[in-house]
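If you want my numbering, it's the 1-based position in the sequence shown plus 76. The C-beta atom is built at its ideal place from N, Cα and C for all residues, glycine as well.
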Amino acid sequence: MELKETMLERQDIFKGRVVSLHVDKVSLPDGGTSYREIVDHPGGVGIVALDDNGCVPLVTQYRYAFSRNMVEIPAGKREVGEEPFLTAQRELLEEVGATAAKWTDLGALIPSPGCYGETLYLYLAQELSYSQAQPDEDEFLTVEHVPFDALYQRCMAGEIKDAKTVAAVLKVKLLLGL
Numbered sequence: 077m078e079l080k081e082t083m084l085e086r087q088d089i090f091k092g093r094v095v096s097l098h099v100d101k102v103s104l105p106d107g108g109t110s111y112r113e114i115v116d117h118p119g120g121v122g123i124v125a126l127d128d129n130g131c132v133p134l135v136t137q138y139r140y141a142f143s144r145n146m147v148e149i150p151a152g153k154r155e156v157g158e159e160p161f162l163t164a165q166r167e168l169l170e171e172v173g174a175t176a177a178k179w180t181d182l183g184a185l186i187p188s189p190g191c192y193g194e195t196l197y198l199y200l201a202q203e204l205s206y207s208q209a210q211p212d213e214d215e216f217l218t219v220e221h222v223p224f225d226a227l228y229q230r231c232m233a234g235e236i237k238d239a240k241t242v243a244a245v246l247k248v249k250l251l252l253g254l
């Protein structure tokens, strides 16, 4: 049996500044029909920025959807049509005031394929230089520099729950053998 679902009808529900929502009526592999609620998002990036001392800048910011502060690697939304690597460079500078001479592509993740049309691109940034952070006007955050091993331990203990942060840290741990 082919597992593909085919869109029969689409109803656009909402178009916002960051996401849009549509409901699709789809034909199912068995010939039946169902509905799929999809949130479209332009995608984003996450960066593990590892300095010469083995520390990683982490960003803490209030995440309204979860009504709490969350600790994350520097990250951000892609502009429409923007290459993920350019987004990563921009976000690292905006959030922590850093540029990197060495970049490693850690691959992409699909964080919630059941209903959320976002792809996250992950990077390792090394050979860092720091200047002044340039957060967006509606972005309020604090930055702490954490030794990589402590960050790894916080991820493994479940203290850090942000999926892109956990995935990127685990990838860097395996890649660099830290």
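heavy atom of the ligand NAP below 7 Å from residue i C-beta
i: alanine 239; result: Annotation note on the ligand NAP: not contained in the displayed structure, which lists no ligands.
CA nearest to the CA of residue i, picked from the options
i: leucine 79; options: Met146, Leu200, Ser103, Lys247; result: Ser103
i: tyrosine 138; options: Val219, Ala226, Thr109, Gly234; result: Val219
i: leucine 97; options: Thr163, Met83, Gly108, Glu113; result: Glu113
i: asparagine 145; options: Ile236, Val245, Cys191; result: Ile236
i: glutamate 85; options: Lys91, Gly92, Asp100, Met77; result: Asp100
i: valine 124; options: Val248, Leu254, Leu252, Gly253; result: Val248
i: serine 128; options: Ala176, Ala243, Arg166, Ala141; result: A small fix is needed here, since residue 128 is aspartate in this sequence, not serine. With distances taken between Cα atoms, aspartate 128 lies closest to Ala176.
i: aspartate 106; options: Met77, Gly92, Val115, Phe90; result: Met77
i: alanine 252; options: His221, Leu200, Ala239; result: Note that residue 252 corresponds to leucine in the displayed sequence, not to alanine. Nearest of His221, Leu200, Ala239 to leucine 252, Cα basis: Leu200.
i: proline 160; options: Ser143, Trp179, Phe142; result: Trp179
i: glycine 108; options: Thr82, Gly92, Lys91, Tyr140; result: Thr82
i: alanine 239; options: Gly157, Ala151, Gln165; result: Ala151
i: glycine 122; options: Glu215, Asp214, Arg166, Leu204; result: Arg166
Cβ pair residue i, residue j closer than 8 Å
i: leucine 217; j: leucine 198; result: no
i: proline 211; j: glutamate 171; result: yes
i: aspartate 126; j: glutamine 229; result: Residue identity differs from the one stated: residue 126 is leucine in this sequence, not aspartate. In this structure, glutamine 229 does not lie closer than 8 Å to leucine 126 by Cβ.
i: aspartate 115; j: glycine 190; result: Looking at the sequence provided, one finds valine at residue 115 rather than aspartate. In this structure, glycine 190 does not lie closer than 8 Å to valine 115 by Cβ.
i: aspartate 225; j: leucine 254; result: yes
Contacts around residue i, its chain only, beta-carbon distance under 6 Å, and the 5 residues preceding and following it disregarded
i: threonine 241; result: Glu148, Ile149
i: glycine 173; result: Tyr206, Ser207, Gln208, Ala209
i: aspartate 88; result: His98
Close Cβ partners of residue i (< 8 Å) along its chain, the five nearest in sequence each way excluded
i: leucine 227; result: Val132, Leu134, Ile236, Val245
i: lysine 153; result: Val94, His117, Pro118, Gly119, Gly120, Thr163
i: cysteine 231; result: Thr241, Val242, Val245, Leu246
i: tyrosine 111; result: Val99, Asp100, Lys101, Val102
Neighbourhood of residue i by C-beta, 7 Å cutoff - its chain only, sequence neighbours within 5 removed
i: isoleucine 186; result: Thr195
Worksheet item: Along the chain, which unbroken stretches of the beta strand (DSSP E) at least 3 residues long are found entirely within the stretch 130 to 158?
Response: Runs of the beta strand (DSSP E) lying entirely within the stretch 130 to 158, each at least 3 residues long, are 131 to 139, 144 to 148, 151 to 153 in chain order.
Item to complete: Report the residue ranges of all beta strand (DSSP E) runs contained in full by the stretch 190 to 251; include only those spanning at least 3 residues, in chain order.
Response: The beta strand (DSSP E) runs lying completely inside the stretch 190 to 251 and spanning 3 residues or more are 196 to 206, 217 to 223, given in chain order.
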